[in-house]
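Here is the structure we will look at, set down as structure tokens.
There are 2 protein chains.
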Amino acid sequence: MTVQTILFDFSVDSERTTDTKQRQEIAKVVRGEIENIFPQVELAYQMTMEDGFFCVFTENKETMITLRIFQQGLVTLNIEYYLEDGKEPLMTFDSSKRLENILAKKLKVHSGQVLPTLKRGDVARYFASSDERIIEYDIDALLFEERSPFQKIQILHSKTLGNMLILDELQNIAESDLIYTETLMGRGIENYEGKEICILGGGDGALLYELLKEKPKFVVMLEIDELVMQACNKYLNTICGDVLEKRKGDNYEIVVGDCVEYMKKFINENRKFDYVFGDLTDIPISGAPVGEIWDFIRTILEHSFKILKPDGKYLTHGNGTVCTESLELFEDQLRLLRPKVNFTTSKAFVPSFMEEWLFYQVSLA
Amino acid sequence: MTVQTILFDFSVDSERTTDTKQRQEIAKVVRGEIENIFPQVELAYQMTMEDGFFCVFTENKETMITLRIFQQGLVTLNIEYYLEDGKEPLMTFDSSKRLENILAKKLKVHSGQVLPTLKRGDVARYFASSDERIIEYDIDALLFEERSPFQKIQILHSKTLGNMLILDELQNIAESDLIYTETLMGRGIENYEGKEICILGGGDGALLYELLKEKPKFVVMLEIDELVMQACNKYLNTICGDVLEKRKGDNYEIVVGDCVEYMKKFINENRKFDYVFGDLTDIPISGAPVGEIWDFIRTILEHSFKILKPDGKYLTHGNGTVCTESLELFEDQLRLLRPKVNFTTSKAFVPSFMEEWLFYQVSLA
Numbered sequence: 002m003t004v005q006t007i008l009f010d011f012s013v014d015s016e017r018t019t020d021t022k023q024r025q026e027i028a029k030v031v032r033g034e035i036e037n038i039f040p041q042v043e044l045a046y047q048m049t050m051e052d053g054f055f056c057v058f059t060e061n062k063e064t065m066i067t068l069r070i071f072q073q074g075l076v077t078l079n080i081e082y083y084l085e086d087g088k089e090p091l092m093t094f095d096s097s098k099r100l101e102n103i104l105a106k107k108l109k110v111h112s113g114q115v116l117p118t119l120k121r122g123d124v125a126r127y128f129a130s131s132d133e134r135i136i137e138y139d140i141d142a143l144l145f146e147e148r149s150p151f152q153k154i155q156i157l158h159s160k161t162l163g164n165m166l167i168l169d170e171l172q173n174i175a176e177s178d179l180i181y182t183e184t185l186m187g188r189g190i191e192n193y194e195g196k197e198i199c200i201l202g203g204g205d206g207a208l209l210y211e212l213l214k215e216k217p218k219f220v221v222m223l224e225i226d227e228l229v230m231q232a233c234n235k236y237l238n239t240i241c242g243d244v245l246e247k248r249k250g251d252n253y254e255i256v257v258g259d260c261v262e263y264m265k266k267f268i269n270e271n272r273k274f275d276y277v278f279g280d281l282t283d284i285p286i287s288g289a290p291v292g293e294i295w296d297f298i299r300t301i302l303e304h305s306f307k308i309l310k311p312d313g314k315y316l317t318h319g320n321g322t323v324c325t326e327s328l329e330l331f332e333d334q335l336r337l338l339r340p341k342v343n344f345t346t347s348k349a350f351v352p353s354f355m356e357e358w359l360f361y362q363v364s365l366a
Numbered sequence: 002m003t004v005q006t007i008l009f010d011f012s013v014d015s016e017r018t019t020d021t022k023q024r025q026e027i028a029k030v031v032r033g034e035i036e037n038i039f040p041q042v043e044l045a046y047q048m049t050m051e052d053g054f055f056c057v058f059t060e061n062k063e064t065m066i067t068l069r070i071f072q073q074g075l076v077t078l079n080i081e082y083y084l085e086d087g088k089e090p091l092m093t094f095d096s097s098k099r100l101e102n103i104l105a106k107k108l109k110v111h112s113g114q115v116l117p118t119l120k121r122g123d124v125a126r127y128f129a130s131s132d133e134r135i136i137e138y139d140i141d142a143l144l145f146e147e148r149s150p151f152q153k154i155q156i157l158h159s160k161t162l163g164n165m166l167i168l169d170e171l172q173n174i175a176e177s178d179l180i181y182t183e184t185l186m187g188r189g190i191e192n193y194e195g196k197e198i199c200i201l202g203g204g205d206g207a208l209l210y211e212l213l214k215e216k217p218k219f220v221v222m223l224e225i226d227e228l229v230m231q232a233c234n235k236y237l238n239t240i241c242g243d244v245l246e247k248r249k250g251d252n253y254e255i256v257v258g259d260c261v262e263y264m265k266k267f268i269n270e271n272r273k274f275d276y277v278f279g280d281l282t283d284i285p286i287s288g289a290p291v292g293e294i295w296d297f298i299r300t301i302l303e304h305s306f307k308i309l310k311p312d313g314k315y316l317t318h319g320n321g322t323v324c325t326e327s328l329e330l331f332e333d334q335l336r337l338l339r340p341k342v343n344f345t346t347s348k349a350f351v352p353s354f355m356e357e358w359l360f361y362q363v364s365l366a
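These protein sequence lines map, in sequence, to chains A and B. Using the working numbering, the letters of the first sequence correspond one by one to residues 2 to 366. Using the working numbering, the letters of the second sequence correspond one by one to residues 2 to 366.
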């Protein structure tokens with residue numbers, strides 16, 4: 002069961018949307034075309050706005066249509082109705098394109114568009130790219146949804162990408178994403194044999210699972226959210242194997258706790274690693290490197306270099322390559338670190354992110 | 002200038018949405034949380050529906066909020082307001098996620114989501130994948146928009162994909178998409194040297210431009226829409242070179258006209274080709290191979306094999322690999338052809354389609 006939401010927008014001369022009479026004419030044209038699709042349509046409500054005009058049409062009190070005319074020269078039209086499973090939609094993408102075309106001509110618009118029909122209600126299909134563009138996934142099942150003390154955790158099934166881990170509405174990893182883990186760890190570039198490694202976060206288990214194939218001396222993974230690991234152990238086996246099930250082996254251990262606290266402990270014990278992986282929250286998209294998350298990123302970086310051997314490396318994901326500003330802010334933070342560090346980058350198109358992503362390799366200068 | 006549209010949806014027990022009192026309670030909770038963000042919010046209108054409840058809230062007659070409670074257990078909340086260029090949005094994706102989280106808890110939902118903010122009005126950013134999922138592109142400029150006698154033609158600029166050709170709201174090709182043309186023509190697999198080739202459609206010029214690099218004897222291209230070629234010649238130079246500018250060379254000619262009519266002419270003249278390319282409308286997504294477009298596809302296939310040499314090949318794009326049903330329908334059509342044909346397929350991830358696409362190579366059995 003879904004609610005179908007179909008959104009149209011048009012831009013017209015603002016002279017026509019500031020004038021009351023011409024606004025009425027626009028509303029009349031829109032209503033006329035809507036009537037061709039919804040013959041029983043009635044005006045339910047109308048209102049003069051601070052910045053234009055708003056009205057509600059309804060057909061049989063089932064299909065709701067809102068029209069808004071903005072004085073700045075924009076017109077938005079929203080059509081919304083309930084669609085039972087298996088029933089044919091009242092409007093297809095093709096018929097909505099036809100309506101858009103007719104209205105564009107009759108309203109003499111500068112530009113017009115109709116969005117592909119939005120389907121709301123049964124499963125979460127809509128997530129954001131790194132620069133907050135909407136992407137609809139071919140999700141056909143919600144396998145898991147719970148809110149832990151730390152975040153909202155969802156496992157969804159995508160027809161083309163397999164099971165996907167979503168944390169607080171952000172795509173983390175999917176069964177399709179081996180390239181993500183391989184680029185993060187620099188497979189074929191870095192040599193992990195006999196090395197001591199610390200993973201900060203990494204609750205999906207994929208990084209740990211892939212690292213163990215490279216015969217490291219020991220990997221310790223510090224993950225705060227027990228529930229994430231339980232969900233991934235159940236639904237992401239193809240990418241994490243049995244590491245989240247076992248939690249401990251000859252050469253690895255998963256510790257459930259706050260990674261900053263454990264890093265402090267390691268610093269006190271003078272325990273050092275060849276590699277530290279930052280597999281935590283993404284770099285935020287913000288105009289300035291301030292706020293809680295940036296403070297957290299700085300803390301992570303500073304602590305990581307305190308537990309790294311002098312020739313050790315800090316490896317982390319950055320953000321979508323389209324987020325140039327946010328990546329620059331992150332690089333500014335790297336340049337501020339003392340002692341000084343060097344960094345290189347690598348990139349990969351991550352299937353479940355539907356975009357190219359940047360990864361960092363940071364070492365002491 | 003854009004209109005910001007923020008959409009939330011929640012699923013709850015249907016017992017709670019059929020009962021009038023409980024519906025009022027849901028509306029009260031929603032209003033309470035909206036007031037925390039929009040303190041001046043007022044109820045403008047409310048209506049009992051055939052299938053639930055609908056109401057309109059407004060703040061200062063500028064921000065419009067519609068709430069709908071469906072008896073089937075769905076709740077939709079739409080927030081819409083005008084945002085001037087350079088102004089900060091009233092709600093960010095983060096603050097809308099917070100609202101979603103709070104409402105999900107207070108409404109005790111089964112599942113809930115908020116869609117990344119939709120931006121409507123200045124440029125067309127939203128297009129559909131082959132299976133009609135919405136994809137938002139990082140469009141920053143509308144370079145061209147006109148409606149020819151055949152279709153709506155747009156050239157848009159994407160930050161990551163370059164200039165894009167959009168026909169009737171469907172992505173056709175972008176500067177990022179050499180892989181599309183190379184997979185369609187089977188570069189490195191097919192040998193075009195000294196061959197006679199006919200392109201049906203192909204108005205963006207990319208296929209012709211790439212084929213000419215392979216030293217064919219002669220290529221004739223049959224494109225119906227003069228305006229598409231003018232737009233691509235101006236804005237897609239990096240993919241079509243100068244072929245659309247010149248229209249005719251020693252070994253090629255572009256004919257403006259209906260390809261079916263020209264194929265009939267070729268049949269009458271007994272003119273034969275080594276390769277025919279179907280670079281026309283996509284295979285429609287439909288449950289059955291009926292209707293105008295399927296008739297057109299059958300006509301194209303039948304005529305193409307009449308102008309092909311016995312060892313010639315018909316090469317065409319299919320559809321997104323996710324559209325298995327529509328691809329099967331197309332393959333059924335291929336199997337029905339007489340004399341019998343064989344076909345192979347190849348696939349490529351096409352950057353501007355944001356998905357993997359299937360291509361066909363068809364030859365006489």
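Positions of the beta carbon are idealized from the N, C-alpha and C atoms, including for glycine.
Asked	Found
Tell me whether residue 311 of chain B sits in a helix, a strand or coil according to DSSP, three-state version.	strand
Taking its Cβ as the centre, do 16 or more other Cβ atoms sit within 10 Å of residue 25 of chain B, making it buried, or is it exposed?	exposed
To which residues of the same chain is residue 218 of chain B closer than 7 Å at the C-beta, ignoring the five residues directly before and after it?	195, 196, 197 and 252
Between which two residues does the alpha helix (DSSP H) containing residue 267 of chain A stretch?	260–270
Indicate whether at least one CB of chain A lies closer than 7 Å to the CB of residue 170 of chain B.	yes
For the beta strand (DSSP E) containing residue 128 of chain A, list its first residue and its last residue.	127–129
Let me make sure I understand the geometry here. Which of B:340, B:263 and B:221 has the alpha-carbon closest to that of residue 364 of chain B?	B:340
Just to confirm the assignment: which complete alpha helix (DSSP H) runs, minimum length 4, are found wholly within the stretch 11–59 of chain A?	15–19 and 21–38
If you drop the 5 nearest sequence neighbours on each side, which residues of the same chain put their C-beta closer than 6 Å to that of residue 104 of chain A?	34
For residue 164 of chain B, tell me which candidate among B:153, B:172, B:89 and B:176 has the shortest Cα-Cα distance.	B:176
Where does residue 240 of chain B sit, in a helix, a strand or coil, going by DSSP?	helix
Just to confirm my understanding: we take residue 207 of chain B, look at its own chain, exclude 5 residues before and 5 after, and list those with CB closer than 7 Å. What are they?	174, 182, 240 and 241
Any residues in the stretch 59–74 of chain A with a beta carbon nearer than 7 Å to a beta carbon of chain B? Which ones, in chain order?	61, 62, 63, 65, 67, 69, 71 and 73
I want to verify the contact list: residues of chain A whose CB lies under 7 Å from the CB of residue 122 of chain B, in sequence order.	10, 12 and 75
For residue 351 of chain A, I'd like the list of residues in its chain whose CB is within less than 7 Å of its CB, leaving aside the five on either flank, ordered along the chain.	178, 180, 181 and 358
I need the straight-line Cα distance from residue 56 of chain B to residue 84 of chain B, nearest angstrom please.	23 Å
For residue 32 of chain B, would you say it is in contact with chain A, using Cβ-to-Cβ distances shorter than 7 Å as the test?	no
With H, G and I counted as helix, E and B as strand and the rest as coil, what does DSSP make of residue 297 of chain B?	helix
The beta strand (DSSP E) that contains residue 361 of chain A, what's its start and end?	356–365
Measure from the alpha carbon of residue 136 of chain B to the alpha carbon of each residue in B:308, B:144 and B:120, then state which is nearest.	B:120
Could you check if residue 160 of chain B is buried or exposed, using at least 16 other CB atoms within 10 Å of its CB as the buried criterion?	exposed
Per DSSP, what are the beta-bridge partners of residue 124 of chain B in this structure?	Per DSSP, none; premise fails for residue 124 of chain B.
Distance check for residue 146 of chain B and residue 236 of chain B, CA to CA, integer angstroms please.	12 Å
Within 10 angstroms of the Cβ of residue 378 of chain A, are there 16 or more other Cβ atoms? Answer buried if so, exposed if not.	Outside the shown range of chain A, which is 2 to 366, sits residue 378 of chain A, and nothing can be said about it.
Expressed to the nearest angstrom, what Euclidean distance is found between the alpha-carbon atoms of residue 129 of chain B and residue 78 of chain B?	23 Å
For residue 173 of chain A, return the contacting residues in chain B, with the cut-off set at a CB-CB distance below 8 Å.	By Cβ distance, chain B contributes nothing, its closest Cβ being about 15 Å from residue 173 of chain A, past 8 Å.
Suppose the cutoff is 8 Å on Cβ atoms and the five residues either side in sequence are ignored; what does the same chain contact list for residue 232 of chain A look like?	145, 147, 154, 156 and 166
Run through DSSP, which three-state label would residue 110 of chain A get?	coil
Hey, would you say residue 314 of chain B sits closer than 7 Å to residue 276 of chain B, going by beta carbons?	yes
Which residues in the same chain have their Cβ closer than 8 Å to the Cβ of residue 323 of chain A, if we skip the five residues on either side of it in sequence?	130, 131, 132, 356 and 357
List the endpoints of the continuous alpha helix (DSSP H) containing residue 211 of chain A.	207–213
Check whether the Cβ atoms of residue 42 of chain B and residue 36 of chain B lie closer than 7 Å to each other.	yes
Is the CB of residue 90 of chain A under 7 Å away from at least one CB in chain B?	no
Give the secondary structure of residue 192 of chain B by DSSP, where H, G and I count as helix, E and B as strand, and everything else as coil.	coil
According to DSSP, is residue 186 of chain A helix, strand or coil?	helix
By a C-beta neighbour count over all protein chains shown, 10 Å radius and 16 as the cutoff for buried, is residue 150 of chain B buried or exposed?	exposed
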